[in-house]
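Here is the structure we will look at, set down as structure tokens.
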Amino acid sequence: MPRKQLQTLSEPMYYILLVLKEEQNGVDIMKRVLEVSKGRVKVGAGTLYTLLGKFEKEGLINSTKREGRKCWYIITNKGREILQTEYNRLNTMIDDGEILK
Amino acid sequence: MKKYEINPFSRWKTYELEAYLAKKTAQGWKLTDIFGKLLIFNRVEPSACEYAVRLFTPKTIRQIEEYQELCEGSGWKPITWTDNLQIMEKMNPSAIALDTDEELLLTEGKKILFDCVWRGLLATLIAFIFYLVITIYAGDILFETLSLLLVLFGVIYLVSKIADIIQCFVWLNRVKKEMRMKSEFSIINRVWNICYVWYRRIIITLQGILYLAIFVEAVFMDIKGGLYFVKNERSFFIMMIILIIIMLMITIKGNGRVYHARKVEFPLWVRGIYLLIYYCLILFMSGVANSPAENIYTPDMWGYSTTTKDYSSAKYEGGLIGNRGEYDYAGYGLMEGDSISEQHTSAYELKIYNSRINGLLDSIKRKETKNCTLTYLYELRGVKVFQLDGYLSGYEKLGIKMGYEKYYYLEYEDGFCIFIYQKYVGDITNEQVIAGLVDKLNKKVN
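Sequence lines, in order, name chains A and B.
As numbered in this note's numbering, residues 1 to 101 make up the first sequence, in order.
As numbered in this note's numbering, residues 102 to 547 make up the second sequence, in order.
What follows is the structure, encoded as structure tokens:
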């Protein structure tokens, strides 16, 4: 079943918002996601570009400055809320998964 | 050394285009640019190269630049851009794939599909409906005067649009089911691709030729018709303006504001003017091609002036059959089982009518009319009976029936004549019916 837009976050969405706690430009976001996820999550340029546009439109991130072709972004309060909600949801899922032990 | 090829792939054939470009590079031809429907290659040393073709519909130069920065940062070098696609070459073997979220890709694909259907097909359908309406408006309810070129163009255009949408669904399905690799090795798919490549080449060439032919034909027709369309079709122009506004609203915010390949961004008003000219041209072409000016150049047939012949000053005076509210029926109120009533006509009017119609008959007899034939049937009580097939209705306002009809033309010995709608008198071979009518007419006129 398709995920309702931004109600739950996909892995790339989650990690992009996560790394945007600090101001980053697009290329740095890709590198930082790879770093934070220890090489597990790769975000392609196409995916990142689409998601940044979507996040900015929804007010989850703000563009802060622009130098040449580079654009810097940072998470907004709304973005933080969404990220926190997702974090809590994932934690709840992990807790619920305890019955497997 | 340069080589130009028609792009054989629609925007949805991204995987096929990627494979095609890689194949061409292996043969020593590297893509350098895309201009309209043309792929431009440069001669290079044959090499193995990986390409990425991605659907991309930015609205501003800023978006393009930002995306280029991201691509270059992840190991892809942008080669060229079209209104819908971006083409990149892999520079780094460890480059991250451009699309790492297939669900997102699918969502974006659906969005572009919707855009394609909404803006492309809907605009086409509106233009098509408009085309049919003006054809009826021009008096051809049976669409017998449709320009063959325009119909052919329309059919090809519609088929290519539908094919485009089918391709889009196929593309979505392939993204969804991750069928990319599988399909590349399928023999059926390879055969299909070859057929598709040639279908695209032929269709694009045909469209170009037809477009030009229609334009030339339309302009020629209107000039021949004394610029009738431009001068006289006020109500048509109002319709056209309304349609242009609708089409502008549909398309102005669509793709195409940025000419990617040249990195030119047009302000909205420039895009608006461009579309305005574009639609005016298309609608003008279809309008002219269907205006009565195309069908006939003897004015009396419709009561307007489209010729330099004797009747160029003829106006729409209601002298013809069934063309005005006050003369609703053939022969001034002549209907089956009806007599010619004072309410509808008088002997005097019939005589005026006669004089006006003589000009028309002359032109028919001289075979100057394109869509009329006059056939002598027989003589009955001193009246010659002809059958007339053709467009005798005036170029009337919407809501009044008109079109291709059969008429009977009765010519008296003294030159008096009259037309009768076949539908009101039945079959002309029914001599009793026609004899009765002739009697009534004779009484009335005498």
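Cβ coordinates follow ideal geometry from the N, Cα and C atoms, glycine included.
None of these values were measured; they are calculated from a predicted model.
- Between the segment 13 to 20 of chain A and the segment 163 to 179 of chain B, the count of C-beta pairs closer than 8 Å stays below three; the two stretches do not touch.
- Three or more Cβ pairs closer than 8 Å define a contact, and the segment 193 to 207 of chain B meets that threshold against the segment 45 to 52 of chain A.
- Contact check between the segment 182 to 190 of chain B and the segment 138 to 156 of chain B: three or more CB pairs, one atom from each, fall below 8 Å, which counts as touching.
- Not a single CB atom of chain B sits nearer than 9 Å to the CB of residue 8 of chain A.
- In the DSSP secondary-structure assignment, residue 182 of chain B is bridged to B:187.
- Taking a contact as a CB-CB distance under 8 Å, the pair residue 72 of chain A and residue 64 of chain A counts as one, their CB atoms being some 5 Å apart.
- Between the segment 108 to 121 of chain B and the segment 25 to 35 of chain A there are fewer than three C-beta pairs closer than 8 Å, too few to call the two in contact.
- Ranked by how close their Cα comes to the Cα of residue 191 of chain B, the residues B:126, B:258, B:105 have B:126 in first place.
- In this structure residue 17 of chain A does not touch residue 52 of chain A by the C-beta definition: roughly 11 Å separates them, more than the 8 Å allowed.
- Listed in chain order, the positions of the segment 17 to 44 of chain A with a beta carbon within less than 7 Å of a beta carbon of chain B are 26, 27, 30, 42, 43, 44.
- For residue 119 of chain B, there are no C-beta contacts with chain A under 9 Å, since the nearest C-beta of that chain is about 14 Å from it.
- Neighbours of residue 79 of chain A in chain B, taken as residues whose beta carbon is under 7 Å from its own, are absent, since the nearest beta carbon is some 18 Å off.
- Around the Cβ of residue 226 of chain B, a 10 Å sphere holds fewer than 16 other Cβ atoms; the residue is exposed.
- Contact annotation: residue 174 of chain B and residue 195 of chain B have beta-carbon atoms that are not nearer than 9 Å.
- One alpha carbon belongs to residue 20 of chain A, the other to residue 120 of chain B, and they sit about 36 Å apart.
- By the rule that beta-carbons nearer than 9 Å mark a contact, residue 49 of chain A touches chain B.
- If you draw a 10 Å sphere on the C-beta of residue 92 of chain A, you find fewer than 16 other C-beta atoms in it, and that means exposed.
- Leaving aside the five residues that flank residue 9 of chain A on each side, the residues in its chain whose CB is nearer than 8 Å to its CB run, in chain order, 17, 82, 83, 86.
- Shown in chain order are the members of the segment 172 to 203 of chain B whose Cβ falls below 7 Å from a Cβ of chain A: 172, 174, 175, 177, 197, 198, 199, 200, 201, 202.
- Burial is judged here by how many other beta carbons sit within 10 angstroms of a residue's own beta carbon; residue 55 of chain A has at least 16 and is buried.
- Residue 49 of chain A and residue 252 of chain B have their C-alpha atoms some 43 Å from each other.
- Residue contact check for residue 166 of chain B against chain A: a CB pair falls below 9 Å.
- For residue 155 of chain B, the neighbours in chain A by C-beta distance under 8 Å run, in chain order, 46.
- For residue 124 of chain B, the enclosing alpha helix (DSSP H) covers residues 115 to 127.
- Residue 167 of chain B has its alpha-carbon roughly 14 Å from the corresponding atom of residue 182 of chain B.
- Residue 306 of chain B is classed as exposed because its beta carbon has fewer than 16 other beta carbons within 10 Å across all chains shown.
- Using a CB distance cut-off of 9 Å, residue 53 of chain A counts as an interface residue toward chain B.
- Closer than 9 Å at the C-beta level to chain B, one finds these residues of the segment 57 to 75 of chain A: 66, 68, 69, 70, 71.
- Here residue 108 of chain B carries a coil assignment [DSSP, helix/strand/coil].
- Comparing alpha carbon positions, the residue from B:105, B:114, B:116, B:212 closest to residue 136 of chain B is B:105.
- When secondary structure is reduced to three states using DSSP, residue 154 of chain B falls in the strand class.
- Between residue 22 of chain A and residue 74 of chain A, the CB-CB gap stays under 9 Å.
- Under the 9 Å criterion on CB atoms, residue 112 of chain B is classed as non-interfacial with respect to chain A.
- Residue 63 of chain A is bridged by DSSP to A:73.
- In terms of CA proximity to residue 115 of chain B, B:298 leads the group B:142, B:298, B:215.
- Distance from the CA atom of residue 147 of chain B to the CA atom of residue 130 of chain B, rounded to whole angstroms, is 7 Å.
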